[in-house]
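So for the sequence shown, the working numbering puts the first residue at 13; every next one is plus one. Note that the Cβ used here is the ideal one computed from N, Cα and C, for glycine as well. As C-alpha coordinates, the structure follows; a few thoughts come after it.
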Amino acid sequence: MDYLAQSKLNTSIAQKIISDSRIIPLWQSVGARVNLVGSLRIGVLAKHLDIDFHIYTSELDVSQSFAVMAQIALNPAVQKIEFINLAQTDECCFEWHVWYEDNDGNLWQMDIIQIKSGSRYDGYFERVVETIKSKMSEDMKKTILQLKFETPDTLKIVSIEYYKAVIQDGITNFDDFLKWRSEHHFEGIIEW
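Set out below in C-alpha coordinates:
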(Lines of atoms letter the chains of each structure in order from A and count residues from 1; the text may use other names and numbers.)
(Lines give C-alpha, C1' and ligand atoms only; values in the text may rest on other atoms or scores of the structure.)
Protein backbone atom coordinates (compact mmCIF):
# COMPACT_ATOMS: atom_id res chain seq x y z
CA MET A 1 0.00 0.00 0.00
CA ASP A 2 1.16 3.53 -0.76
CA TYR A 3 0.64 4.98 2.73
CA LEU A 4 1.37 8.55 1.67
CA ALA A 5 -1.15 8.43 -1.19
CA GLN A 6 -3.83 6.91 1.05
CA SER A 7 -3.17 9.57 3.68
CA LYS A 8 -3.56 12.30 1.04
CA LEU A 9 -6.86 10.77 -0.13
CA ASN A 10 -8.17 10.58 3.46
CA THR A 11 -7.05 14.18 4.03
CA SER A 12 -9.00 15.32 0.98
CA ILE A 13 -12.14 13.53 2.21
CA ALA A 14 -11.66 15.01 5.70
CA GLN A 15 -11.46 18.52 4.26
CA LYS A 16 -14.73 17.97 2.38
CA ILE A 17 -16.39 16.69 5.57
CA ILE A 18 -15.19 19.77 7.46
CA SER A 19 -16.72 21.99 4.79
CA ASP A 20 -19.99 20.03 4.50
CA SER A 21 -20.49 19.73 8.26
CA ARG A 22 -20.17 23.51 8.71
CA ILE A 23 -18.47 22.96 12.08
CA ILE A 24 -16.18 25.96 11.70
CA PRO A 25 -18.75 28.62 10.73
CA LEU A 26 -21.36 27.29 13.18
CA TRP A 27 -18.96 27.60 16.12
CA GLN A 28 -17.58 30.92 14.88
CA SER A 29 -21.15 32.27 14.78
CA VAL A 30 -21.19 32.17 18.61
CA GLY A 31 -17.79 33.85 18.89
CA ALA A 32 -15.70 30.71 19.29
CA ARG A 33 -12.09 30.36 18.18
CA VAL A 34 -11.82 27.13 16.15
CA ASN A 35 -8.54 25.24 15.74
CA LEU A 36 -7.90 22.04 13.82
CA VAL A 37 -5.52 19.79 15.77
CA GLY A 38 -4.44 16.15 15.71
CA SER A 39 -3.35 13.88 12.87
CA LEU A 40 -5.11 15.85 10.16
CA ARG A 41 -3.36 19.08 11.15
CA ILE A 42 0.00 17.31 11.46
CA GLY A 43 -0.40 15.69 8.03
CA VAL A 44 -0.40 12.04 9.14
CA LEU A 45 -4.07 11.07 8.90
CA ALA A 46 -4.04 7.32 8.32
CA LYS A 47 -6.75 4.65 8.50
CA HIS A 48 -8.36 5.82 11.75
CA LEU A 49 -10.81 8.25 10.22
CA ASP A 50 -10.88 11.07 12.73
CA ILE A 51 -10.93 14.84 12.71
CA ASP A 52 -10.01 16.78 15.85
CA PHE A 53 -11.06 20.32 16.71
CA HIS A 54 -10.39 22.46 19.75
CA ILE A 55 -13.04 25.12 20.18
CA TYR A 56 -12.35 27.99 22.58
CA THR A 57 -15.13 30.02 24.21
CA SER A 58 -15.01 32.55 27.04
CA GLU A 59 -17.46 30.43 29.05
CA LEU A 60 -18.64 26.84 28.98
CA ASP A 61 -22.36 27.36 28.46
CA VAL A 62 -24.18 24.02 28.15
CA SER A 63 -27.22 25.54 26.43
CA GLN A 64 -25.14 27.38 23.84
CA SER A 65 -22.98 24.32 23.21
CA PHE A 66 -26.02 22.09 22.68
CA ALA A 67 -27.57 24.72 20.38
CA VAL A 68 -24.51 24.73 18.11
CA MET A 69 -24.32 20.94 18.11
CA ALA A 70 -28.05 20.76 17.28
CA GLN A 71 -27.26 22.70 14.09
CA ILE A 72 -24.50 20.22 13.27
CA ALA A 73 -26.90 17.33 13.95
CA LEU A 74 -29.26 18.60 11.25
CA ASN A 75 -26.82 17.32 8.64
CA PRO A 76 -28.16 13.91 7.47
CA ALA A 77 -24.61 12.52 7.35
CA VAL A 78 -24.39 12.84 11.16
CA GLN A 79 -25.20 9.40 12.58
CA LYS A 80 -24.55 9.91 16.30
CA ILE A 81 -23.40 12.56 18.77
CA GLU A 82 -21.99 12.03 22.27
CA PHE A 83 -21.48 14.66 24.99
CA ILE A 84 -19.18 14.48 28.03
CA ASN A 85 -19.13 17.29 30.59
CA LEU A 86 -15.60 17.81 31.94
CA ALA A 87 -16.12 21.44 32.95
CA GLN A 88 -15.28 20.75 36.60
CA THR A 89 -12.01 18.95 35.85
CA ASP A 90 -8.50 20.25 35.11
CA GLU A 91 -9.38 19.92 31.42
CA CYS A 92 -12.20 22.48 31.83
CA CYS A 93 -14.01 21.39 28.68
CA PHE A 94 -17.01 19.84 27.02
CA GLU A 95 -16.19 16.85 24.83
CA TRP A 96 -18.35 16.26 21.78
CA HIS A 97 -17.91 13.17 19.62
CA VAL A 98 -19.69 13.15 16.26
CA TRP A 99 -19.92 10.16 13.92
CA TYR A 100 -20.28 11.32 10.34
CA GLU A 101 -20.88 9.05 7.32
CA ASP A 102 -19.00 10.06 4.16
CA ASN A 103 -20.23 9.54 0.58
CA ASP A 104 -18.64 6.06 0.46
CA GLY A 105 -20.37 4.90 3.64
CA ASN A 106 -17.28 5.22 5.85
CA LEU A 107 -17.87 6.43 9.38
CA TRP A 108 -15.64 9.28 10.56
CA GLN A 109 -15.29 10.40 14.16
CA MET A 110 -15.04 14.10 14.79
CA ASP A 111 -13.83 15.07 18.25
CA ILE A 112 -14.92 18.58 19.09
CA ILE A 113 -13.41 19.66 22.39
CA GLN A 114 -14.86 22.93 23.66
CA ILE A 115 -12.32 24.44 26.07
CA LYS A 116 -12.73 27.48 28.28
CA SER A 117 -10.41 30.26 27.08
CA GLY A 118 -7.61 30.96 29.54
CA SER A 119 -7.85 27.55 31.20
CA ARG A 120 -4.90 25.17 31.66
CA TYR A 121 -5.02 23.61 28.17
CA ASP A 122 -5.78 26.78 26.19
CA GLY A 123 -3.43 26.50 23.20
CA TYR A 124 -1.45 23.62 24.68
CA PHE A 125 -2.28 21.04 21.99
CA GLU A 126 -1.80 23.57 19.22
CA ARG A 127 1.74 24.17 20.50
CA VAL A 128 2.34 20.41 20.63
CA VAL A 129 1.17 20.09 17.01
CA GLU A 130 3.57 22.82 15.90
CA THR A 131 6.45 21.21 17.83
CA ILE A 132 5.76 17.82 16.22
CA LYS A 133 5.55 19.37 12.75
CA SER A 134 8.83 21.24 13.26
CA LYS A 135 10.70 18.10 14.40
CA MET A 136 9.17 15.59 11.95
CA SER A 137 11.26 14.87 8.86
CA GLU A 138 9.72 13.44 5.69
CA ASP A 139 11.19 10.01 6.56
CA MET A 140 9.68 10.22 10.05
CA LYS A 141 6.32 11.13 8.51
CA LYS A 142 6.47 8.05 6.27
CA THR A 143 7.39 5.85 9.26
CA ILE A 144 4.54 7.25 11.35
CA LEU A 145 2.07 6.61 8.53
CA GLN A 146 3.41 3.08 8.03
CA LEU A 147 3.06 2.30 11.76
CA LYS A 148 -0.46 3.72 11.83
CA PHE A 149 -1.57 1.73 8.79
CA GLU A 150 0.07 -1.47 10.13
CA THR A 151 -1.66 -1.18 13.50
CA PRO A 152 -4.48 -3.75 13.78
CA ASP A 153 -7.94 -2.18 14.05
CA THR A 154 -8.43 -3.94 17.38
CA LEU A 155 -5.47 -2.12 18.96
CA LYS A 156 -6.29 1.38 20.24
CA ILE A 157 -3.27 3.66 20.20
CA VAL A 158 -3.26 7.39 20.86
CA SER A 159 -1.50 9.16 17.97
CA ILE A 160 0.98 10.96 20.18
CA GLU A 161 2.48 7.57 21.05
CA TYR A 162 3.55 7.16 17.41
CA TYR A 163 5.06 10.66 17.38
CA LYS A 164 7.00 10.12 20.62
CA ALA A 165 8.26 6.70 19.49
CA VAL A 166 9.41 7.82 16.06
CA ILE A 167 10.49 11.43 16.60
CA GLN A 168 11.91 11.21 20.12
CA ASP A 169 13.14 7.62 20.23
CA GLY A 170 13.90 6.71 16.60
CA ILE A 171 11.52 3.75 16.25
CA THR A 172 11.32 2.60 12.60
CA ASN A 173 9.23 -0.61 12.53
CA PHE A 174 6.08 -2.05 14.05
CA ASP A 175 7.75 -4.78 16.16
CA ASP A 176 10.04 -2.22 17.79
CA PHE A 177 7.05 0.09 18.26
CA LEU A 178 5.15 -2.61 20.16
CA LYS A 179 8.21 -3.25 22.33
CA TRP A 180 8.54 0.52 22.92
CA ARG A 181 4.88 0.70 23.97
CA SER A 182 5.35 -2.15 26.45
CA GLU A 183 8.15 -0.13 28.08
CA HIS A 184 6.18 3.16 28.19
CA HIS A 185 2.94 3.29 30.12
CA PHE A 186 0.73 6.32 29.58
CA GLU A 187 -2.44 7.36 31.36
CA GLY A 188 -4.65 10.39 30.78
CA ILE A 189 -3.31 13.20 28.64
CA ILE A 190 0.11 12.32 27.24
CA GLU A 191 2.39 15.35 27.55
CA TRP A 192 5.03 16.24 24.96
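Below 8 Å between beta carbons: does that hold for residue i and residue j?
i	j	result
Y174	L159	yes
M122	I36	no
L167	Y15	no
S129	S70	yes
R132	D102	yes
N118	L57	no
Thinking just about the alpha-carbon of each residue, which of the options is nearest to the one in residue i?
i	options	result
I127	R34, Y112 and A99	A99
E138	D187, V110 and I172	I172
W120	A26, S19, Q18 and M13	A26
A85	H109, S70 and D14	H109
I144	Y15, V42, L52 and M81	L52
K176	V140, S131 and I30	V140
D187	K154, V170 and T163	T163
Distance, Cα to Cα, residue i vs residue j?
i	j	result
D181	A44	37 Å
T23	L48	13 Å
E113	K92	10 Å
I125	N185	32 Å
A17	R34	26 Å
L72	V90	23 Å
K28	V46	17 Å
I179	S149	9 Å
I67	S31	16 Å
K154	K59	14 Å
C105	N87	24 Å
L205	F95	Residue 205 is absent from the model: the chain starts at 13 and stops at 204.
Q40	Y136	20 Å
D151	H197	26 Å
Taking buried to mean at least 16 other C-beta atoms within 10 Å of its own C-beta, is residue i buried or exposed?
i	result
L21	exposed
A79	exposed
M13	exposed
S194	exposed
In three-state terms, what does DSSP make of residue i?
i	result
Y136	helix
N97	strand
T23	helix
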